[in-house]
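Novice:
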Ligand code: IMP
Ligand code: MG
């Protein structure tokens with residue numbers, strides 16, 4: 003694995019751009035929550051690295067929790083139903099919640115999670131995603147914090163994988179190999 007890997011293409015978002023963007027998102031969250039305690043909910047596994055960097059850029063009392071989800075096989079694209087593999091450990095009633103995701107592709111995962119968590123009565127619920135597809139008309143109303151818009155095509159690195167590989171790459175790069 004490395005630059006010579008024939009399955010990896012060009013860098014989509016490099017480590018320096020990621021670092022700057024994460025700092026910017028952290029500043030925005032710090033300002034927007036004005037010191038109020040916020041619970042960041044990372045969606046496993048892809049968002050773990052982003053969340054780890056993001057919390058260090060927030061100057062406010064933060065707690066973290068995680069959820070893990072998986073799609074219901076091939077019906078996901080049409081039904082938008084995802085299965086919760088690991089649920090939150092905390093009661094989120096009355097809490098200020100920020101869902102932290104690696105990439106918003108079709109948006110089905112986040113819209114399902116948003117609906118599910120809103121039913122638990124948080125004080126607020128916002129979404130922060132590092133990446134989002136360029137073609138995503140519903141994005142503006144659903145997502146308050148977006149890092150980068152990228153075109154269609156599979157990307158890996160900085161937590162994102164293909165078949166559990168490449169999560170450790172420090173840059174986000176195109177994956178050009180077999181899936
Ligand atoms: P959505 O429900 O279609 O928005 O799917 C979002 C999820 O699909 C993300 O949380 C990722 O786990 C996965 N995903 C979508 N596109 C990519 C990609 O290019 N690389 C790695 N994972 C991706
Ligand atoms: Mg994911």
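Numbering (my numbering), first residue to last: 3 to 181.
Here a beta-carbon is modelled for each residue, glycine too, at the ideal position from N, C-alpha and C.
What is the rounded straight-line gap between the Cα of residue 14 and the Cα of residue 45?
Specialist: For residue 14 and residue 45, the distance between alpha carbons rounds to 22 angstroms.
Novice: Using only the alpha-carbon positions, how far apart do residue 134 and residue 149 sit?
Specialist: Cα to Cα, the separation comes out at about 8 angstroms.
Novice: For residue 128, count neighbouring C-beta atoms within 10 Å of its own C-beta (all shown protein chains included) and say buried if the count is 16 or more, exposed if not.
Specialist: Buried.
Novice: Looking at the structure shown, is residue 145 part of a helix, part of a strand, or coil, going by DSSP?
Specialist: Residue 145: coil per DSSP, three-state reduction.
Novice: First and last residue of the alpha helix (DSSP H) that includes residue 98?
Specialist: Per DSSP, residue 98 belongs to no alpha helix (DSSP H); it is in the beta strand (DSSP E), 98-106.
Novice: Are the CB atoms of residue 39 and residue 65 nearer to each other than 8 angstroms?
Specialist: Yes.
Novice: Secondary structure at residue 176, three-state DSSP: helix, strand or coil?
Specialist: Residue state, collapsed to three classes: strand.
Novice: Would you mind giving the Cβ-Cβ distance between residue 152 and residue 162, rounded to the nearest angstrom? I have them listed as a contact below 8 angstroms.
Specialist: Residue 152 to residue 162, Cβ: 11 angstroms. No contact.
Novice: Confirm the yes/no value for this check: CB of residue 106, any heavy atom of the ligand IMP, distance under 7 angstroms.
Specialist: Yes, Cβ of residue 106 sits closer than 7 angstroms to a heavy atom of the ligand IMP.
Novice: Note down the Cα distance separating residue 165 from residue 99, rounded to an integer number of angstroms.
Specialist: Straight-line Cα distance between these residues: approximately 30 angstroms.
Novice: Which residues does DSSP list as the beta-bridge partners of residue 159?
Specialist: In the DSSP output, where bridge partners are listed per residue, residue 159 has 162.
Novice: To the nearest angstrom, report how far apart residue 9 and residue 47 are at their CA atoms.
Specialist: Rounded to the nearest angstrom, the two C-alpha atoms are 22 angstroms apart.
Novice: DSSP state of residue 119, grouped into three classes?
Specialist: Helix.
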